[in-house]
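See structure below.
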Amino acid sequence: MALLNILCYPDPRLHKVATPITVFDEKLRTLVADMLETMYEAQGVGLAATQVNVHQRLVVMDTSEERNQATVLINPEITWYSEERVKGEEGCLSVPGIYDGVERAVHVKVKAADEHGQVRELEAEGLMAVCVQHELDHLMGKVFVEYLSPLKRNRIKTKMLKAQKEDA
Ligand code: GNR
Ligand code: NI
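This is the structure in structure tokens:
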């Protein structure tokens, strides 16, 4: 097991588009285990491979209170979005300390394989539905701050760059 480094906005690698996974082997299962460990350590509810600089269609999630219900989504596709939308406060491990409202579908269905290549369809609502949409955006190279106004996004960019400079 190993902790992976999480890329921080505005790193251009966060905008790469992930490609489908074709091989379900031990190497993939090690990556899944490392991503779960990284997500739990960072206290996130989800983590997309893009955020750890792996540009493949893989997401791990756990929206349970007890942090014991890991979900692995490989080559995920949202097959249905509810018409009902809700604006909720979002954060992102790649944009630490920033929270803002984003409108999302309340309910989604997602088709994905697990780490053994077994395909199934899941139904998600509430935080899990928000998280699925947020993580699939990452796989497309999209970070939630891109839904905000250009003014807000530029302020966030400046703040992040300043914090990264101070850390270095
Ligand atoms: O930990 C996370 N919390 C969260 C809260 C509201 C909406 C989305 C999220 S996802 C985020 C982890 C993360 O950055 N995943 O990409
Ligand atoms: Ni995120």
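The C-terminal residue of the sequence shown carries number 347 in our numbering, and the numbering is unbroken. The beta-carbon is built from N, C-alpha and C at its ideal position, and this holds for glycine as well. Values in this document were obtained by computation on a predicted structure and should not be read as measured data.
- Gln248 and Val239 have their C-alpha atoms roughly 10 Å apart.
- Ordered along the chain, residues surrounding the ligand NI are Cys271, Leu272, Ser273, His313 and His317 [Cβ under 6 Å from any heavy atom].
- Placement of the Cβ of Ala227 at a distance of less than 7 Å from at least one heavy atom of the ligand GNR is found.
- For His295, same chain residues with a beta-carbon under 7 Å away, outside a window of 5 residues either side, are Phe203 in chain order.
- Its chain contains Ala284, Val285 and His286 as the residues whose beta carbon lies nearer than 6 Å to that of Ser261, once the 5 sequence neighbours on both sides are disregarded; these appear in chain order.
- Excluding five sequence positions before and after Cys187, the CB atoms of its chain that fall closer than 6 Å to its own CB belong to Ser273, given in chain order.
- Bridge pairing for Thr250: Met240 [DSSP].
- Secondary structure note for Arg283: its beta strand (DSSP E) is the uninterrupted segment Asp279 to Ala284.
- Relative to Asp316, the option among Ala228, Lys338, Leu330 and Lys344 whose CA is nearest is Ala228.
- Shown here, Glu268 sits in a strand according to DSSP, grouped into three states.
- In the displayed model, Val202 falls within coil according to three-state DSSP, outside both helix and strand.
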